[in-house]
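Peer 1: Right, I'll just put the structure down here and ask away after.
Number of protein chains: 2
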Amino acid sequence: MNAEAEATRLLREADIRVTVPRVLIFGYLLSHKTHPTCEQIYNSLKASNPTLSLASVYNVTDKLSEEGLVKQITAPDGTRHYDGITEFHGHFYCLDCRNLFDINCKDHELFEELPGAVVVSCEVTARGYCPKCASAGKKPRG
Amino acid sequence: MNAEAEATRLLREADIRVTVPRVLIFGYLLSHKTHPTCEQIYNSLKASNPTLSLASVYNVTDKLSEEGLVKQITAPDGTRHYDGITEFHGHFYCLDCRNLFDINCKDHELFEELPGAVVVSCEVTARGYCPKCASAGKKPRG
DNA sequence: TATAGTTTTATAATAATTCTAATTTAAGGA
DNA sequence: TCCTTAAATTAGAATTATTATAAAACTATA
Chain A
4 MNAEAEATRL
14 LREADIRVTV
24 PRVLIFGYLL
34 SHKTHPTCEQ
44 IYNSLKASNP
54 TLSLASVYNV
64 TDKLSEEGLV
74 KQITAPDGTR
84 HYDGITEFHG
94 HFYCLDCRNL
104 FDINCKDHEL
114 FEELPGAVVV
124 SCEVTARGYC
134 PKCASAGKKP
144 RG
Chain B
4 MNAEAEATRL
14 LREADIRVTV
24 PRVLIFGYLL
34 SHKTHPTCEQ
44 IYNSLKASNP
54 TLSLASVYNV
64 TDKLSEEGLV
74 KQITAPDGTR
84 HYDGITEFHG
94 HFYCLDCRNL
104 FDINCKDHEL
114 FEELPGAVVV
124 SCEVTARGYC
134 PKCASAGKKP
144 RG
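Residue numbers (the numbering used here), protein chains in the order written: chain A, 4 to 145; chain B, 4 to 145.
Below, the structure written as structure tokens:
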């Protein structure tokens, strides 16, 4: 099954109105594991969908992450990225190239700390220099 | 010892030039555990220091976190907050009131995943509804 | 106290995201 | 299939957080 058909199926299953932008954007996230920003999603889709607007990409990613169908990741530089993989995992942010990489990492039992709090999701983000940038000498202070 | 004297001492120790804005801002972070943004730091300090500029707060917090004297936290809404506590701990972000709370949480051995990567820091951020907002009924969908 | 280099300041510029109001669309019922 | 209604999309303006710039002020050292 292709990504757009899968997106349509998952939207129906979640009882979310199926629209062209939602299918396109959700399908894109299901088939690209690159943690794109809204801008990047928009740039990738607009050539084949000239009427798509950037505002819709913001609206749709917002809706999808609210509904738990995709994951929102806030990078240390403050930009928001989206991830079609919803199983728990962590991210590694390269301070040089600013890319996000997946890392395995178990979920924790962190929250006896704040009794009464309702935990919706948890994000683990490491910062540093990815193998490529580190080997190019882009390490902190020397 | 008061916070500004402590800030001065720590700056000297780290071999960082001691300036008025640095002492003020670092001192503020050492004595306030509220995870303020640059804007909040600026607003708190400007009354008693009218010549201080917001740009300096950005410059100084940048410098301090680069040098590891304070911790930078990027909240899920993309805003950057600073924390004078540098020991490892996690944060809980309330989706309603947008405050950050400290949570205990051990550091992990996450990084066998990316051989060759240089890890600089690690951030664990949970999202949800804090006890106060949750009890006021601000839970997700119902 | 003079100097050199760094930091700060004020302001302008940029980038990411949100808001607004008009238009279009999806889904269910006649 | 056509109508209706609420919801979603669009384009563009507005807002917010942050970064850049260039001149003035300050720190540390000689």
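Yeah, the Cβ is synthetic: ideal placement off N, Cα and C, and Gly gets one too.
Nothing here was measured: the structure is a model prediction, and the numbers come from that model.
Taking the Cβ atom as the reference point for each residue, do P24 (chain B) and Y85 (chain B) lie within a distance shorter than 8 Å?
Peer 2: Cβ distance not < 8 Å, so P24 (chain B) and Y85 (chain B) don't count as in contact.
Peer 1: According to DSSP, is I28 (chain A) helix, strand or coil?
Peer 2: Correct three-state label for I28 (chain A): helix.
Peer 1: Give me, in chain order, the residues of the same chain whose beta-carbon lies closer than 6 Å to that of S34 (chain A); leave out the 5 immediate sequence neighbours on both sides.
Peer 2: These residues qualify, in order along the chain: A6.
Peer 1: State the beta-bridge partners of H84 (chain A) as determined by DSSP.
Peer 2: Paired residues: A:T40 and A:I76.
Peer 1: Just checking: is the beta-carbon of P24 (chain A) within a distance shorter than 8 Å of some beta-carbon in chain B?
Peer 2: Answer no: the Cβ-Cβ gap between P24 (chain A) and chain B never drops below 8 Å.
Peer 1: Who does D105 (chain A) pair with in a DSSP beta bridge?
Peer 2: Looking at the DSSP assignment, D105 (chain A) forms a beta bridge with A:H94.
Peer 1: Does S124 (chain B) get closer than 8 Å to chain A when you measure Cβ to Cβ?
Peer 2: Interface residue, yes.
Peer 1: Classify L14 (chain B) as buried or exposed, calling it buried when 16 or more other Cβ atoms lie within 10 Å of its own Cβ.
Peer 2: Classification of L14 (chain B): buried, given that the 10 Å Cβ count is 16 or more.
Peer 1: Between which two residues does the beta strand (DSSP E) containing C125 (chain A) stretch?
Peer 2: Element bounds for C125 (chain A): V121 to Y132.
Peer 1: At a Cβ cut of 7 Å, what residues of the region 88–103 of chain B count as close to chain A, listed as they run along the chain?
Peer 2: Residues G93, F95 and L98.
Peer 1: Would you mind reading off the limits of the alpha helix (DSSP H) that contains S68 (chain A)?
Peer 2: Start and end: L57 to E69.
Peer 1: Quick one: is I106 (chain A) near chain B, going by C-beta distance under 8 Å?
Peer 2: Yes - at least one Cβ of chain B is within 8 Å of the one on I106 (chain A).
Peer 1: Using alpha carbons as the reference points, say which of A:Y31, A:Y96 and A:G93 lies closest to V63 (chain A).
Peer 2: Ranking the options by Cα distance to V63 (chain A), first place goes to A:Y31.
Peer 1: Measuring from the CB of V21 (chain A), is there a heavy atom of the ligand COA at a distance below 7 Å?
Peer 2: This structure simply doesn't include the ligand COA, nor any ligand for that matter.
Peer 1: What residue range is occupied by the uninterrupted alpha helix (DSSP H) comprising L117 (chain A)?
Peer 2: It is not in any alpha helix (DSSP H) - L117 (chain A) carries neither H nor E in the DSSP assignment.
Peer 1: Measuring CA to CA, which of A:E126, A:L27 and A:I88 is closest to F95 (chain A)?
Peer 2: Taking only the C-alpha atoms, the option nearest F95 (chain A) is A:E126.
Peer 1: Is the Cβ-Cβ distance between S68 (chain A) and R130 (chain B) less than 8 Å?
Peer 2: Not in contact: S68 (chain A) and R130 (chain B) (Cβ atoms no closer than 8 Å).
Peer 1: How should K74 (chain B) be labelled, buried or exposed, when 16 other C-beta atoms within 10 angstroms of its C-beta is the threshold for buried?
Peer 2: Burial call: buried.
Peer 1: DSSP on S51 (chain A), reduced to helix/strand/coil?
Peer 2: The answer is coil: DSSP assigns S51 (chain A) none of H, G, I, E or B.
Peer 1: Strictly under 8 Å for the Cβ-Cβ distance: is G145 (chain B) near chain A by that measure?
Peer 2: Because the pLDDT at G145 (chain B) is just 31, under 50, the model does not fix this residue reliably, and the value given afterwards should be weighed accordingly. Cβ-Cβ to chain A under 8 Å: no for G145 (chain B).
Peer 1: With a threshold of 8 Å between beta-carbons, can L13 (chain A) be considered close to chain B, or not?
Peer 2: Taking Cβ atoms only, chain B never reaches closer than 8 Å to L13 (chain A), which makes this a no.
Peer 1: With distances taken from CA atoms, which of A:C97, A:R20, A:L27 and A:E9 is nearest A139 (chain A)?
Peer 2: Ranking the options by Cα distance to A139 (chain A), first place goes to A:C97.
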